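Each residue of the sequence shown is one higher than the one before, starting from 87 at the first, in the working numbering.
Inspection log for the structure reproduced underneath, given as structure tokens.
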Amino acid sequence: MGSVMITVIHDNERENRNMVEFAGIAISQLNFVADRKIVIDITQFDSQNSINRTTVTTLGDLITLPDQFTVRVQKGLPSAVQAVTICHELIHVHQIITGKLSVSAIDGWLWNGEYYSTSSKYDERPWEILAREQERPLLHSVLKEYRS
Ligand SMILES: [Zn+2]
Numbered sequence: 087m088g089s090v091m092i093t094v095i096h097d098n099e100r101e102n103r104n105m106v107e108f109a110g111i112a113i114s115q116l117n118f119v120a121d122r123k124i125v126i127d128i129t130q131f132d133s134q135n136s137i138n139r140t141t142v143t144t145l146g147d148l149i150t151l152p153d154q155f156t157v158r159v160q161k162g163l164p165s166a167v168q169a170v171t172i173c174h175e176l177i178h179v180h181q182i183i184t185g186k187l188s189v190s191a192i193d194g195w196l197w198n199g200e201y202y203s204t205s206s207k208y209d210e211r212p213w214e215i216l217a218r219e220q221e222r223p224l225l226h227s228v229l230k231e232y233r234s
């Protein structure tokens, strides 16, 4: 490992370095080889832009491009919340890279070959259920290795 290119966009230089290290550990623990660069953007963004998440306070989201994954994390959140959000979104990156989750040609997603429309309930999407189950165990495991 160590070949994954991670860029963090954060206006605090120290936090920026910490997040590069944190995300690098998370990716190595998730044990995937990223086929494109990963950008973690700590920014203020509008939850309206995220499909079907209007009722949920959007902590983060993932933008999948052919040459890049962009993880957006809401600026101004406590760093512990940002850390778990990064874990959550990187779990989705893992789901995409391993082919379990993909964007459907028609609007929506494919999860293990099964189609889910954009109107499917956020809380009932299997990839979200899994990411929520796995985000805290991943966080704790990354923190063990981080700065140890
Ligand atoms: Zn999610």
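In this text, a Cβ means the ideal position worked out from N, Cα and C, and glycines have one as well.
Treat the numbers as computed from the prediction; the structure is a model and nothing was measured.
Taking the alpha-carbon of residue i as reference, which of the options has the nearest alpha-carbon?
{"i": "residue 176", "options": "162, 157, 167 and 190", "result": "157"}
{"i": "residue 214", "options": "195, 115, 103 and 228", "result": "195"}
{"i": "residue 109", "options": "92, 98 and 128", "result": "92"}
{"i": "residue 163", "options": "146, 151 and 174", "result": "146"}
{"i": "residue 150", "options": "182, 116 and 222", "result": "182"}
{"i": "residue 128", "options": "101, 120, 179 and 201", "result": "101"}
{"i": "residue 148", "options": "232, 233, 217 and 231", "result": "217"}
{"i": "residue 132", "options": "144, 233 and 90", "result": "144"}
{"i": "residue 179", "options": "95, 233, 104 and 126", "result": "126"}
{"i": "residue 95", "options": "219, 172 and 199", "result": "172"}
Going by DSSP in three states, residue i sits in which element: helix, strand or coil?
{"i": "residue 158", "result": "strand"}
{"i": "residue 144", "result": "coil"}
{"i": "residue 201", "result": "strand"}
{"i": "residue 184", "result": "coil"}
{"i": "residue 123", "result": "strand"}
{"i": "residue 116", "result": "helix"}
{"i": "residue 229", "result": "helix"}
{"i": "residue 192", "result": "coil"}
{"i": "residue 163", "result": "coil"}
On the criterion of 16 or more Cβ atoms from any shown chain inside 10 Å, does residue i qualify as buried, or is it exposed?
{"i": "residue 99", "result": "exposed"}
{"i": "residue 221", "result": "buried"}
{"i": "residue 120", "result": "buried"}
{"i": "residue 168", "result": "buried"}
{"i": "residue 204", "result": "exposed"}
{"i": "residue 184", "result": "exposed"}
{"i": "residue 112", "result": "buried"}
{"i": "residue 191", "result": "exposed"}
Between residue i and the rest of its own chain, which residues show a CB-CB distance below 6 Å, the 5 nearest in sequence each way excluded?
{"i": "residue 212", "result": "197"}
{"i": "residue 174", "result": "217 and 221"}
{"i": "residue 122", "result": "153 and 154"}
For residue i, which residues from the same chain have a beta carbon less than 7 Å from its beta carbon, with the 5 sequence-adjacent residues on both sides left out?
{"i": "residue 115", "result": "224, 227 and 228"}
{"i": "residue 189", "result": "150 and 195"}
{"i": "residue 202", "result": "194, 195 and 211"}
Check: For the region 88-113, which segments carrying the beta strand (DSSP E) assignment without a break, of at least 3 residues, lie completely within its bounds, in sequence order?
Finding: 92-95
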